[in-house]
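Here the sequence shown is numbered in the working numbering, starting from 20 and rising by one per residue.
As structure tokens, the structure follows; a few thoughts come after it.
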Amino acid sequence: MLLCHRTHPQNDNKPFNLDRERATGAGGMNREEAPGKSPEEMYVQQKVRVLLMLKKMGSNLTPSEEAFLRNYAGVVHSQMSQLPQHPIEQGAEDGVMAFSRSETEDRRQ
20 MLLCHRTHPQ NDNKPFNLDR ERATGAGGMN REEAPGKSPE EMYVQQKVRV LLMLKKMGSN
80 LTPSEEAFLR NYAGVVHSQM SQLPQHPIEQ GAEDGVMAFS RSETEDRRQ
């Protein structure tokens with residue numbers, strides 16, 4: 020089980036517990052079984068996406084999160100082109116929801 024360092028403001032700042040074995044996407048598709056990608060590669064790609072979205076929405080990343088992005092610069096470059104182009108004024112929640120919708124639509128295609 021993974022423990023995410025980020026906390027949810029409506030959850031009394033308790034860390035999220037992420038069980039990668041049960042992480043499923045749209046339609047119950049298991050994200051860990053993406054063709055040609057190991058679970059570790061999927062984890063890195065998803066973590067990069069989350070950190071980039073947080074950064075784009077104006078969150079200050081921790082030094083370890085910034086170091087993670089520097090270490091995976093190639094993944095960062097490919098993910099930057101996939102981020103939705105929504106203005107920050109739209110609000111963090113709207114941006115995350117729009118990103119989630121675009122991810123779901125991408126998986127359906």
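Glycine residues also receive a C-beta, built at the ideal position from the N, C-alpha and C atoms.
Only a predicted model underlies this, so the values are computations on that prediction, with no experimental measurement involved.
Practice prompt. State the DSSP-derived secondary structure class of LYS56, mapped to helix, strand or coil.
Written response: Coil, per DSSP.
Item to complete: Let me know the secondary structure DSSP gives SER78 once reduced to three states.
Response: In the displayed model, SER78 falls within coil according to three-state DSSP, outside both helix and strand.
Worksheet item: Which whole-angstrom value is the C-beta distance of GLN84 and LEU70, which I expect to be below 8 Å?
Response: Note that residue 84 corresponds to Glu in the displayed sequence, not to Gln. About 5 Å separates the CB atoms of GLU84 and LEU70; that is less than 8 Å, so the two are in contact.
Worksheet entry | C-beta atoms of VAL95 and VAL67 nearer than 8 Å | Cβ distance < 8 Å, so VAL95 and VAL67 count as in contact.
Practice prompt. Counting only the same chain and skipping the five closest in sequence on each side, list residues whose C-beta sits under 6 Å from that of PHE11.
Written response: An answer regarding residue 11 cannot be provided, because it is not within the stretch 20 to 128 covered by the chain.
Worksheet item: Going along the chain, which residues of its own chain have a beta-carbon closer than 7 Å to the beta-carbon of LEU80, five neighbours each way excluded?
Response: LEU70, LEU73 and LYS74, listed in sequence order.
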